[in-house]
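These notes concern the structure reproduced below.
Residue numbers (this note's numbering): 2 to 108.
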(Lines of atoms letter the chains of each structure in order from A and count residues from 1; the text may use other names and numbers.)
(Lines give C-alpha, C1' and ligand atoms only; values in the text may rest on other atoms or scores of the structure.)
Protein backbone atom coordinates (compact mmCIF):
# COMPACT_ATOMS: atom_id res chain seq x y z
CA UNK A 1 0.00 0.00 0.00
CA UNK A 2 2.82 2.42 0.88
CA UNK A 3 4.59 1.52 -2.35
CA UNK A 4 1.49 2.18 -4.44
CA UNK A 5 0.82 5.56 -2.84
CA UNK A 6 4.49 6.53 -3.13
CA UNK A 7 4.54 5.55 -6.80
CA UNK A 8 1.36 7.52 -7.45
CA UNK A 9 2.89 10.59 -5.77
CA UNK A 10 6.10 10.18 -7.80
CA UNK A 11 4.11 9.88 -11.03
CA UNK A 12 2.09 13.04 -10.26
CA UNK A 13 5.28 14.94 -9.38
CA UNK A 14 6.93 13.85 -12.64
CA UNK A 15 3.94 15.10 -14.65
CA UNK A 16 4.31 18.54 -13.04
CA UNK A 17 7.98 18.71 -14.00
CA UNK A 18 8.47 17.65 -17.63
CA UNK A 19 12.22 18.28 -17.44
CA UNK A 20 12.49 15.47 -14.87
CA UNK A 21 12.51 13.00 -17.77
CA UNK A 22 15.37 14.81 -19.46
CA UNK A 23 17.51 15.12 -16.33
CA UNK A 24 16.62 11.65 -15.01
CA UNK A 25 15.75 13.31 -11.70
CA UNK A 26 12.51 11.96 -10.32
CA UNK A 27 10.98 13.16 -7.08
CA UNK A 28 10.47 10.11 -4.90
CA UNK A 29 10.35 9.31 -1.19
CA UNK A 30 13.75 8.72 0.40
CA UNK A 31 14.57 6.04 2.95
CA UNK A 32 14.25 8.33 5.98
CA UNK A 33 10.76 9.30 4.83
CA UNK A 34 9.69 5.69 4.26
CA UNK A 35 11.10 4.65 7.64
CA UNK A 36 9.27 7.59 9.24
CA UNK A 37 5.98 6.51 7.68
CA UNK A 38 6.49 2.92 8.82
CA UNK A 39 7.29 4.08 12.35
CA UNK A 40 4.25 6.39 12.51
CA UNK A 41 2.08 3.49 11.38
CA UNK A 42 3.50 1.37 14.19
CA UNK A 43 4.77 -1.36 11.88
CA UNK A 44 7.29 -2.46 14.52
CA UNK A 45 4.82 -2.15 17.42
CA UNK A 46 1.27 -3.04 18.37
CA UNK A 47 -1.03 -0.33 17.02
CA UNK A 48 -0.96 3.29 15.95
CA UNK A 49 -0.99 5.16 19.26
CA UNK A 50 1.85 7.22 20.71
CA UNK A 51 4.41 7.12 17.92
CA UNK A 52 6.84 9.96 17.30
CA UNK A 53 9.52 10.42 14.69
CA UNK A 54 12.25 12.97 14.23
CA UNK A 55 13.16 14.05 10.73
CA UNK A 56 15.73 16.80 10.45
CA UNK A 57 15.30 20.03 8.54
CA UNK A 58 15.33 19.40 4.80
CA UNK A 59 14.85 15.63 5.09
CA UNK A 60 11.20 15.65 4.09
CA UNK A 61 8.84 15.78 7.04
CA UNK A 62 6.11 17.00 4.70
CA UNK A 63 6.45 13.95 2.48
CA UNK A 64 6.41 11.53 5.43
CA UNK A 65 3.32 13.18 6.89
CA UNK A 66 1.55 13.45 3.51
CA UNK A 67 2.08 9.78 2.72
CA UNK A 68 1.06 8.73 6.23
CA UNK A 69 -2.11 10.84 5.99
CA UNK A 70 -3.01 9.15 2.68
CA UNK A 71 -2.51 5.66 4.08
CA UNK A 72 -4.53 6.34 7.21
CA UNK A 73 -7.34 7.95 5.19
CA UNK A 74 -7.46 4.98 2.80
CA UNK A 75 -7.68 2.69 5.84
CA UNK A 76 -10.78 4.57 6.94
CA UNK A 77 -9.36 6.87 9.61
CA UNK A 78 -10.42 10.50 9.86
CA UNK A 79 -7.16 12.38 9.38
CA UNK A 80 -6.32 15.95 10.39
CA UNK A 81 -2.78 17.22 9.91
CA UNK A 82 -1.88 20.30 11.91
CA UNK A 83 1.17 22.53 11.99
CA UNK A 84 2.29 25.55 13.96
CA UNK A 85 2.62 27.49 10.72
CA UNK A 86 -0.35 28.37 8.55
CA UNK A 87 2.06 29.01 5.67
CA UNK A 88 3.59 25.51 5.91
CA UNK A 89 0.17 23.89 6.30
CA UNK A 90 -1.13 25.55 3.16
CA UNK A 91 2.08 24.88 1.21
CA UNK A 92 2.06 21.19 2.09
CA UNK A 93 -1.66 20.81 1.46
CA UNK A 94 -1.23 22.30 -2.01
CA UNK A 95 1.75 20.01 -2.66
CA UNK A 96 -0.34 16.92 -1.87
CA UNK A 97 -3.79 18.08 -2.94
CA UNK A 98 -3.62 16.36 -6.33
CA UNK A 99 -2.68 13.07 -4.65
CA UNK A 100 -5.46 13.46 -2.06
CA UNK A 101 -7.95 13.97 -4.89
CA UNK A 102 -6.57 11.08 -6.96
CA UNK A 103 -6.87 8.74 -3.97
CA UNK A 104 -10.31 10.09 -3.13
CA UNK A 105 -9.34 10.93 0.46
CA UNK A 106 -10.42 14.58 0.43
CA UNK A 107 -13.86 16.13 0.31
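Virtual Cβ for every residue (Gly too), placed ideally from N, Cα, C.
Taking the alpha-carbon positions, what's the residue i to residue j distance?
| i | j | result |
| --- | --- | --- |
| residue 107 | residue 69 | 14 Å |
| residue 39 | residue 14 | 22 Å |
| residue 37 | residue 81 | 18 Å |
| residue 91 | residue 47 | 32 Å |
| residue 102 | residue 93 | 14 Å |
Can you check which of these residues, the options, is closest to residue i by C-alpha distance?
| i | options | result |
| --- | --- | --- |
| residue 63 | 47, 35 and 5 | 35 |
| residue 76 | 32, 100, 31 and 104 | 104 |
| residue 30 | 73, 79, 84 and 67 | 67 |
| residue 28 | 54, 61, 71 and 102 | 61 |
| residue 95 | 8, 5 and 17 | 17 |
| residue 79 | 86, 43 and 71 | 71 |
| residue 2 | 85, 88, 73 and 86 | 73 |
Does the Cβ of residue i have 16 or more other Cβ atoms within 10 Å, making it buried, or fewer, making it exposed?
| i | result |
| --- | --- |
| residue 100 | buried |
| residue 97 | buried |
| residue 41 | buried |
| residue 8 | exposed |
Indicate whether at least one CB of chain D lies closer than 8 Å to the CB of residue i.
| i | result |
| --- | --- |
| residue 67 | Any reference to chain D falls outside this structure, which holds one protein chain only. |
Is it the case that the Cβ atoms of residue i and residue j are separated by a distance below 8 Å?
| i | j | result |
| --- | --- | --- |
| residue 33 | residue 56 | yes |
| residue 52 | residue 43 | yes |
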